[in-house]
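Mind the numbering: the sequence shown is residues 537 to 685 in our numbering, read in order.
Heads up, the beta-carbon is just placed ideally off N, CA and C, and yes, glycines get one too.
Small disclaimer: the values here were computed from a predicted structure and weren't measured.
Heads up: the structure comes next, in C-alpha cells.
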Amino acid sequence: MTSMRIEDLQTPCLILDRVILERNLGAMRSIARRHGVVLRPHLKTAKSADVAELAIGNGPRCITVSTLAEAEYFAGRGFTDITLAAGITPQKLERAGALVAEGVSLQVITDDLDAARAIGEHAAAFHALIEVDSGEGRGGVSPTGDSLT
537 MTSMRIEDLQ
547 TPCLILDRVI
557 LERNLGAMRS
567 IARRHGVVLR
577 PHLKTAKSAD
587 VAELAIGNGP
597 RCITVSTLAE
607 AEYFAGRGFT
617 DITLAAGITP
627 QKLERAGALV
637 AEGVSLQVIT
647 DDLDAARAIG
657 EHAAAFHALI
667 EVDSGEGRGG
677 VSPTGDSLT
C-alpha cells in the first residue's frame, strides 16, 4: 500500500477528523433536542452527502445550503427539505422551481421587494422567508423600517 502525502491530494478536497466531527454533531443534536427544534445543518463547507448523512443522524432530512448547485447536488442524493440560505434573485427562480417540481420542499430567502413579488408570482410553491438584519449589516431588511409592512 502506498501512503499518500498531503501534497498528492487533489484539491479542493474535504479532510475531517471523524471523531471530532461526530462529537460536535452529537452536541448539536443534543442542543436541538433540548430546545425542541429540528437540526438543519448548513453544508456550504462540507458539500458532502456523506457528511450530511452523519449530520442528520436519524432525524429529519432537513438541510441548509448556500447555492442552487448545492441544492441540486443534495436533492439528487435524496434530501428533499432544503433551505437556500443565500438570497434568491428572480433570475434563479426557474432553476429553483425545477427542484420544487421534482418534489423538493425549498425554502428561499430574500430581503428585496422585487424578488419577493417574483417569488409570489412564480408557479412553483416556494416557502419564502424574509431576511431581517440582526444588527450585523450583512443583509436583510431593517427590523424597524417600513419594508416589513
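For ASP648, there is no enclosing alpha helix (DSSP H), as DSSP marks it with neither H nor E. For SER641, the beta-bridge partners assigned by DSSP are ASP617.
For HIS658, the three-state secondary structure derived from DSSP is coil.
In the DSSP assignment, CYS549 forms no beta bridge with any residue. The C-beta separation of LEU590 from LEU561 comes to about 6 Å, placing the pair in contact by the 8 Å criterion. Between LEU579 and ILE599, the CB-CB gap stays under 8 Å. Within the DSSP bridge table, the entry for HIS663 names GLN643 as partners. Rounded to whole angstroms, the gap between the alpha carbons of GLN627 and SER678 is 24 Å. For the set ALA585, ILE592, GLU558, the Cα lying nearest the Cα of GLU608 is the one of ALA585. In this structure, the CA atom of ASP617 is about 14 Å from the CA atom of ALA634. With respect to the 8 Å criterion, SER641 and HIS663 are classified as neighbours on the basis of their beta carbons.
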